Amino acid sequence: MKKIGHFIGGKHVEGTSGREADVFNPATGEVQAKVALASAAELNAAIANAKAAQPAWAATNPQKRARVMMKFVDLLHRDMDKLAEALSSEHGKTMPDAKGDVIRGLEVAEFCIGAPHLLKGEFTEGAGPGIDIHSVRQPLGIAAGITPFNFPAMIPMWKFCPAIVCGNAFILKPSERDPSVPMMLAELMLEAGVPPGILNVVNGDKEAVDGILDHEDISAVGFVGSTAIAEYVYSRGCANGKRVQCFGGAKNHMIIMPDADLDQAVDALIGAGYGAAGERCMAISVAVPVGEDTANRLMEKLTPRVENLKIAPYTAGDDADFGPLVTKEAHTRVKGYVDAGIKEGAKLVVDGRDFSMQGYENGYFIGGCLFDNVTKDMSIYKEEIFGPVLSVVRAKGYEEALDLAMSHEYGNGVAMFTRDGDAARDFAARINIGMVGINVPIPVPLAYYTFGGWKRSGFGDLNQHGPDAFRFYTRTKTITSRWPSGIKDGAEFSIPTMG
Ligand code: NAD
39 MKKIGHFIGG KHVEGTSGRE ADVFNPATGE VQAKVALASA AELNAAIANA
89 KAAQPAWAAT NPQKRARVMM KFVDLLHRDM DKLAEALSSE HGKTMPDAKG
139 DVIRGLEVAE FCIGAPHLLK GEFTEGAGPG IDIHSVRQPL GIAAGITPFN
189 FPAMIPMWKF CPAIVCGNAF ILKPSERDPS VPMMLAELML EAGVPPGILN
239 VVNGDKEAVD GILDHEDISA VGFVGSTAIA EYVYSRGCAN GKRVQCFGGA
289 KNHMIIMPDA DLDQAVDALI GAGYGAAGER CMAISVAVPV GEDTANRLME
339 KLTPRVENLK IAPYTAGDDA DFGPLVTKEA HTRVKGYVDA GIKEGAKLVV
389 DGRDFSMQGY ENGYFIGGCL FDNVTKDMSI YKEEIFGPVL SVVRAKGYEE
439 ALDLAMSHEY GNGVAMFTRD GDAARDFAAR INIGMVGINV PIPVPLAYYT
489 FGGWKRSGFG DLNQHGPDAF RFYTRTKTIT SRWPSGIKDG AEFSIPTMG
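Numbering (the numbering used here), first residue to last: 39 to 537.
Following this line, the structure appears as structure tokens:
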């Protein structure tokens, strides 16, 4: 059985806590590896390595640090297939989706190549007589990232790339469900030239997370996962004086106006509602057609598409719409929500609960499910399902549709499909949600923009994505200088020469 330990001080080390977790192949239900779950002592060893390595890394000039990211990008391209294969085998997503996961992280590494520019300070000449003021951005020291299962390549890279290029050391605590890719990323960073100890991967569960939140040498923590854990991480980390930023769960709405291109909207719902089995924080899980006629036309086009979704393991080829859910627990939870939706009175138009595949009967597969006539009070509307289940909530008018999305507790992403520029502009201006798509179903901003939800989907310090990351992972020092007055000349004044 494959054993996955930790990556500390530039080396793979075995787990010593005696605790481990199963890593499944979601397509077959078989255990394919055992991952170590770190004790506080193992975490402390990683932090000690990080602490020893960080000052020299911070003193390495930003251009050299940026060149490591440049090399890292090349290595990600070189190993793309290997990374995607490892990712699909533990997560269950299709190979094209797995490559997308790596590419979206790679784009963050590319953005980090601009670190020398992004880390420049500010300068005021003549703030007083003979006085100038300037500011510099200095790394925090050691930062940590706690990441979820659903993007095991992209989300770790969101965190460690900017943290490291800013001159910090980093402790990554990835999801215990799919730990192989984060370990491979750490190997590639080492190969790219990052010194040992600058990127450490500590596998584990709550014990490792609590250790991170309580350790005095960790200055900043970025968390991505479910909202309940995000809130816990935020309060414990802040109580210990750390900079903490958290991304949580989501319930993303797509409003379809009467003038929308319905074929485009249906294509978007198939990709955004069912892609990656709905296990995306930017998945569309609620469709809101405006007006009865729009709703009826939408359902007519959408229903056969959901009935004909292709579901298969990643090994069956690249044309599947999605693969299995990540774990048996996820499978039970998603089925439970579909049962609850029926009990609560929603109309289940497409029922994927009994989907099964010959040869993969023990895999965590579920077919696409589509509910119509969902209302605000139902659990399938209020809660995040994180599966291939789309709820249609019919709205009478635009204001009702807008209010629906605005009053939901989550605020990660939202989309509107319309041909009306006024409606689109009004929607983008008024909506209280962090990432907005106009005729774009999954409005994930590119690496040079801020990614981040609002409300219970994203809270805390500055986002660690885009230019804000360079502020999150550094602190500013402001220096006020009075210069000696009087210009000297003659022998007392010497101009340094080049060479
Ligand atoms: P999760 O909350 O179960 O786990 C996230 C991390 O927290 C993992 O590293 C896990 O080991 C750790 N953890 C789990 N239980 C813990 C506990 N009791 N105490 C301390 N740490 C604990 O989330 P998940 O199931 O891995 O990921 C799916 C969730 O992540 C969904 O809610 C999804 O919406 C969210 N997500 C959000 C974003 C975003 O940008 N907003 C992006 C991706 C995923």
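From the three backbone atoms N, C-alpha and C, an ideal C-beta is built for every residue, glycine too.
Predicted model only: the values in this text are computed from it and were never measured.
Could you tell me if residue i is buried or exposed, where buried requires 16 or more neighbouring beta carbons within 10 angstroms of its beta carbon?
i      : result
PRO93  : exposed
ILE517 : exposed
PHE161 : exposed
ASN188 : buried
TRP196 : buried
PRO186 : buried
ASN334 : exposed
GLU163 : exposed
ASN346 : exposed
ILE169 : exposed
MET39  : exposed
THR514 : exposed
THR265 : buried
LYS244 : exposed
LYS280 : buried
THR413 : exposed
ALA79  : exposed
TYR449 : One point to set straight first is that residue 449 is Gly, not Tyr, in the sequence displayed. The residue in question, GLY449, is buried, as its Cβ has 16 or more Cβ neighbours within 10 Å.
ARG103 : buried
GLY401 : buried
If I'm right that residue i touches residue j with Cβ under 8 Å, what's the distance once you round it to whole angstroms?
i      : j      : result
ILE480 : ALA315 : The Cβ separation is near 14 Å, so there is no contact.
MET444 : ASN470 : 5 Å
PRO351 : TYR398 : 6 Å
LEU81  : ALA59  : Not quite, the Cβ-Cβ distance comes to about 16 Å (not below 8 Å), so this is no contact.
PRO426 : GLY390 : 7 Å
GLU145 : ALA485 : 4 Å
VAL282 : VAL259 : 5 Å
ALA384 : MET416 : 6 Å
LEU336 : GLY130 : With 8 Å as the limit, LEU336 and GLY130 do not qualify as a contact, their Cβ atoms being about 29 Å apart.
PRO194 : LEU223 : 6 Å
PRO217 : ILE42  : 5 Å
THR365 : ARG215 : 6 Å
GLY47  : GLY235 : 5 Å
VAL482 : MET320 : 5 Å
With respect to 6 Å, is the separation between the Cβ of residue i and the closest non-hydrogen atom of the ligand NAD below this value?
i      : result
ASP243 : yes
PRO220 : no
SER213 : yes
CYS276 : no
ILE184 : yes
SER538 : Past the boundaries of the shown model lies residue 538; the chain is included only from 39 to 537, so the question cannot be answered.
ASN238 : no
CYS284 : no
SER429 : no
ILE471 : no
ASN450 : yes
VAL262 : yes
VAL174 : no
ASN290 : no
PHE198 : no
GLY287 : yes
VAL247 : yes
ILE256 : no
PHE187 : yes
ILE267 : yes
GLY313 : no
SER495 : yes
GLY405 : no
CYS319 : yes
GLY491 : yes
(request) May I ask you to verify whether the stretch 78-98 touches the stretch 206-221, counting CB pairs closer than 8 Å and requiring at least 3? (result) These segments touch.
(request) Answer yes if the stretch 421-433 comes into contact with the stretch 402-409, meaning at least three C-beta pairs across the two stretches below 8 Å, and no otherwise. (result) By the criterion of at least three beta-carbon pairs nearer than 8 Å, the stretch 402-409 is in contact with the stretch 421-433.
(message) Quick test of the definition: if touching needs 3 or more C-beta pairs under 8 Å, does the stretch 98-117 touch the stretch 65-78?
(response) no
(request) Decide if the stretch 222-240 is in contact with the stretch 166-178; the criterion is three or more beta carbon pairs, one per stretch, under 8 Å apart. (result) No, they do not touch.
(message) Count Cβ pairs between the stretch 262-276 and the stretch 116-126 that sit closer than 8 Å; are there 3 or more?
(response) no
(request) Assess, as a yes-or-no matter, whether the stretch 503-512 is touched by the stretch 287-299 under the definition of 3 or more beta carbon pairs within less than 8 Å. (result) no
(message) With a threshold of 8 Å, are at least 3 pairs of Cβ atoms found where one atom belongs to the stretch 327-337 and the other to the stretch 358-372?
(response) no
(message) Across the stretch 296-303 and the stretch 454-467, are there enough close Cβ pairs to call them in contact, namely three or more that are closer than 8 Å?
(response) yes
(message) Within 8 Å, do at least three Cβ pairs link the stretch 336-347 to the stretch 490-502?
(response) no
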